[in-house]
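What follows is a set of notes on a single structure, which appears directly below.
Residue numbers (this note's numbering): 32 to 284.
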């Protein structure tokens, strides 16, 4: 099998405007202000696991309470009104408030996340998470919330962060927003979750059994060989292949 042709075919099939309506990427696309887009990207990516219909429902409800400008909501400390209600699965309002306090602290020091990354020599997902986690710790009296930020940055796959970065950086003008200037698509890493990992293994793109950072590096490296300028384009392909296999399996069962 010509794996590159196979990936290109599925990426083209999925990476189309029609994809937006049923995907969490729709939420950051609703905003024009860059800080709004950044906040929504990282907040929605934080709950982007599980059934897509449930993710969309819960993200809609979460953002509705933040008004027209999530950035204004954050900077005016609107999160003070949050309680302990469930937001999505194991993510609750207190987790959301933890992140938003950190965002407010971050934005008092930097004009935006894109500006911060532009100031860094090391423009990696880990560098950004380190900065966001540091701001969150300082804003939350050094309290750790592992549901928001992992402290094991050398091993975790950072799926949620890499998903948000895909939305912010990829700039082909189709699904992803491409609003950041500090990074280019070739710098991105695949947002690796269970489904993408299993699909990649089935088609021979990934040998590592654990969905950790080494697996992210291995898979992204393979994808860069096929598309050096835009390896994470194939996130769409892995999604599409996985859905197709589920449909075939369902018909046969």
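For each residue, glycine too, the CB sits at the ideal point set by N, CA and C.
In the structure shown, residue 122 falls within a strand segment according to DSSP collapsed to helix, strand and coil. DSSP lists 123 as the bridge partner or partners of residue 117. In this structure, the CA atom of residue 122 is about 16 Å from the CA atom of residue 83. Under the 10 Å beta carbon count, residue 182 is surrounded by fewer than 16 other beta carbons and is classified as exposed.
For the set 37, 32 and 33, the Cα lying nearest the Cα of residue 273 is the one of 37. Taking a contact as a CB-CB distance under 8 Å, the pair residue 89 and residue 118 counts as one, their CB atoms being some 6 Å apart. In this structure, the beta-carbon distance from residue 268 to residue 128 does not fall below 8 Å. Between residue 266 and residue 205, the C-beta gap is not smaller than 8 Å, which leaves the two residues out of contact.
With the rule of 3 Cβ pairs closer than 8 Å, the stretch 134-143 counts as touching the stretch 102-114.
Three or more beta-carbon pairs separated by less than 8 Å are not found between the stretch 200-218 and the stretch 164-174, which leaves the two stretches without contact. If the five residues before and after residue 271 are omitted, its C-beta is found closer than 8 Å to the C-beta atoms of 41, 42, 44 and 45, all from its own chain and listed in chain order. Distance between residue 218 and residue 148, taken at the CA atoms: about 12 Å.
When secondary structure is reduced to three states using DSSP, residue 97 falls in the coil class, being assigned neither helix nor strand.
Taking C-beta atoms under 8 Å as the contact rule, residue 160 and residue 184 qualify, at a distance of about 6 Å. Residue 223 is a Cβ neighbour of residue 188, given a cutoff of 8 Å.
Here residue 242 is buried, its C-beta having at least 16 other C-beta atoms within 10 Å.
Assignment of alpha helix (DSSP H) within the stretch 51-80, counting only whole runs of 4 or more residues, yields 65-77 in chain order. Contact annotation: residue 59 and residue 198 have beta-carbon atoms nearer than 8 Å. Residue burial annotation: residue 53 is exposed, with fewer than 16 other C-beta atoms found within 10 angstroms of its C-beta. Relative to residue 97, the option among 85, 87, 86 and 111 whose CA is nearest is 111. Assignment of residue 185 by DSSP, reduced to helix, strand and coil, places it in the coil class.
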